[in-house]
Amino acid sequence: MPSDLETALRAHILTLDLEQITGDFVAQDEFVQVENFLPRPLLDELITMLPKLGQMVHRNYIPRHKKGGSVARYALDRAAPRFAELYRAHSLMKFLQTISGRDLLFCPPEDPHSYALYYYTEPGDHIGYHYDTSYYNGARYTVLIGLVDESSCRLEYQLHTKNPTHAVETLSADLKPGMLIAFNGDKLYHRITPLGHGERRIALTFEYLTNTHMHPFLRFVSNMKDSIAYFGFKQVFNANKQGTP
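The structure is reproduced here in structure tokens:
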């Protein structure tokens, strides 16, 4: 029997113009943004969990590239399993498979970035231009969902950077509450501009794959990256050592 989350999300997705969204995704080299993707009651429910989860934020700083806070999937599994339920929602997966035309898969349980929260709460929080590079054998698709946006931050991105037959397009977007942005992580060159004083921005991120295999050495590299740039060594390596729920 479908959960209340699944039922509400499925009904809401049925109101979307999937043909238009799919066309935009293809035309923009596997990138699309969909406003008001989350049903309002579900969005409000997730927002109520954020103050508690804020106590679990790991702050990180990489000079000239990144500053901010993150909560890994392991903490979400313990304190707010609703996020995992949304990540695994059949209707969301079906939507993503439809627009991408790919047989997408969930990340393995040892991946701390399967689903996570990004907290921008201090002046200057940002991340510089980068790709969401996949260490897996296949492609990695990133989903961003806005939860709180009381900020002047912008998602600035470049389309067609690896397409020699198309001029590069540089654009920007606000990640408004309830908005979904989906893209192929190996294709979109993007950044988040710095947070201003007295501002706040919190976003949810999901990761989906076309192949869940990763070489053991690359798994170590990926875990080191997540430890240094996002979640801290304790969250990443202790959770992997102990196993996940």
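Numbering-wise, the sequence shown is residues 20 to 264 according to our numbering.
For each residue, glycine too, the CB sits at the ideal point set by N, CA and C.
Given the structure is predicted, the values throughout are model-derived calculations rather than measurements.
In the displayed model, H179 falls within coil according to three-state DSSP, outside both helix and strand. Within its own chain, the residues whose Cβ lies closer than 6 Å to the Cβ of S191, once the five positions on either side in sequence are excluded, are R173 and E175, listed in chain order. Using a C-beta cut-off of 8 Å, the segment 76–87 makes no contact with the segment 57–68, since fewer than three inter-stretch Cβ pairs fall below that distance. In the DSSP assignment, H145 falls within the beta strand (DSSP E) that extends over H145 to H149. Listed in chain order, the beta strand (DSSP E) elements of length 3 or more contained wholly in the segment 77–119 are 77–81 and 85–90. Between G88 and Y150, the beta carbon gap of about 22 Å keeps them out of contact (Cβ cut-off 8 Å). Counting the other Cβ atoms within 10 Å of the Cβ of K206 gives 16 or more, which makes it buried. Residue nearest to P196 within the set L178, R220, I211 and H185 is R220 (criterion: CA-CA distance).
For E129 and N55, the gap between their C-alpha atoms comes out near 31 Å. Three or more Cβ pairs drawn from the segment 159–168 and the segment 217–234 lie within less than 8 Å of each other, which places the two stretches in contact. Looking from the CA of T117, the closest CA among D43, M198, L214 and H209 belongs to D43. Note: Y208 is bridge-paired with Q177 in the DSSP secondary-structure output.
Judged by pairs of C-beta atoms under 8 Å, the segment 210–220 does not touch the segment 107–124, as fewer than three such pairs exist.
Between E49 and S119 the beta-carbon gap is near 7 Å, inside 8 Å, which marks them as a contact. In terms of Cβ geometry, L178 and Q47 form a close pair [threshold 8 Å].
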